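J.: Just so we're aligned, residue 8 is where the sequence shown starts under this note's numbering, counting upward by one. The structure under discussion is supplied below as structure tokens; questions concerning it will follow.
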Amino acid sequence: MKGFNTKSRWNKLLRTGAWGKERGEFHKKILKYLPKNKEITVLDIGCAVGHGTIELAKKLKKAKFEACDFSNDGIKKAKGLYGKKIKFFVHDVYKDKLKKKYDYILIIETLEHLKNPKKIVKKYLKSCKILLVSVPYKEKELWKEHINRFDESSFRDFKELIKRVIFRKPGSDMKLILYIFEK
Ligand SMILES: C[S@@+](CC[C@H](N)C(=O)[O-])C[C@H]1O[C@@H](n2cnc3c(N)ncnc32)[C@H](O)[C@@H]1O
8 MKGFNTKSRW NKLLRTGAWG KERGEFHKKI LKYLPKNKEI TVLDIGCAVG
58 HGTIELAKKL KKAKFEACDF SNDGIKKAKG LYGKKIKFFV HDVYKDKLKK
108 KYDYILIIET LEHLKNPKKI VKKYLKSCKI LLVSVPYKEK ELWKEHINRF
158 DESSFRDFKE LIKRVIFRKP GSDMKLILYI FEK
């Protein structure tokens, strides 16, 4: 639907605090796909206000976390909340390039909102060793903001795709699929 995935709408949503701390629950589920006690670098793309990223940063004490979003209001809020532990920056996946490489890149519940998800996966695979992407699984009726539907066959042509895991979304009947890409 027109206007749902715009920067101004996300800015408003993130500024007003409608994006709650429950958003951290799914990030907790992907903790086991990140190594504990290792000095890894991690970038969380589409981090909103950082409620999810902080759940990982709290547990993986040796990892260095960065997180980005195209919403400048979201990033401003994230810096105020969690800027001591995580380096936040504004980044639009359609327009911007990353300045460095990371061990892990995460894209959590974001690709369903974006055009050309395969192109985006290809782009960020170039900047990491492991890419973790989670999206709603087999949505029957697409949520009004979602423009892509995903299942086991999505990304099957990627030689880097090593694993798919299906989860129940915490606090909901919805399912999510996690794709793990490794170079
Ligand atoms: C559904 S939210 C998910 C946020 C977070 N990953 C979570 O799980 O709570 C999608 C996020 O993608 C961001 N986003 C949308 N389009 C983007 C773009 N072109 N570049 C970067 N971030 C974008 C939005 O601002 C929003 O924070």
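Idealized CB from N, CA, C, for every residue including glycine. Please read all numbers here as calculations on a predicted model, not as lab measurements.
Are there 16 or more other CB atoms within 10 angstroms of the CB of Trp150, so buried, or fewer, so exposed?
T.: So Trp150 counts as exposed.
J.: Mapping DSSP to helix, strand and coil, what is Ala64?
T.: It is helical.
J.: So for Arg175, helix, strand or coil by DSSP?
T.: Strand, per DSSP.
J.: Would Phe33 and Gly53 qualify as a contact pair, given that the criterion is a beta-carbon distance under 8 Å?
T.: Cβ distance not < 8 Å, so Phe33 and Gly53 don't count as in contact.
J.: Taking the straight line between their C-alpha atoms, what separation do you get for Tyr131 and Arg16?
T.: The straight-line gap from Cα to Cα measures roughly 25 Å.
J.: For Asp180, count the other beta carbons within 10 Å of its own beta carbon; 16 or more makes it buried, fewer makes it exposed. Which is it?
T.: So Asp180 counts as exposed.
J.: Would you say Leu38 and Lys69 are within 8 Å of each other, going by their C-beta atoms?
T.: Against a cut-off of 8 Å, the Cβ pair of Lys69 and Leu38 comes out as no contact.
J.: Does the distance from the CB of Leu21 to the CB of Lys86 come in under 8 Å?
T.: In this structure, Lys86 does not lie closer than 8 Å to Leu21 by Cβ.
J.: Throw me the rounded Cβ distance for the Leu183 and Ser141 pair, which I believe falls under 8 Å.
T.: Confirmed, about 5 Å.
J.: So, helix, strand or coil for Glu73, using DSSP?
T.: Correct three-state label for Glu73: strand.
J.: Give the DSSP-derived three-state secondary structure of Val128 in the structure shown.
T.: Helix.
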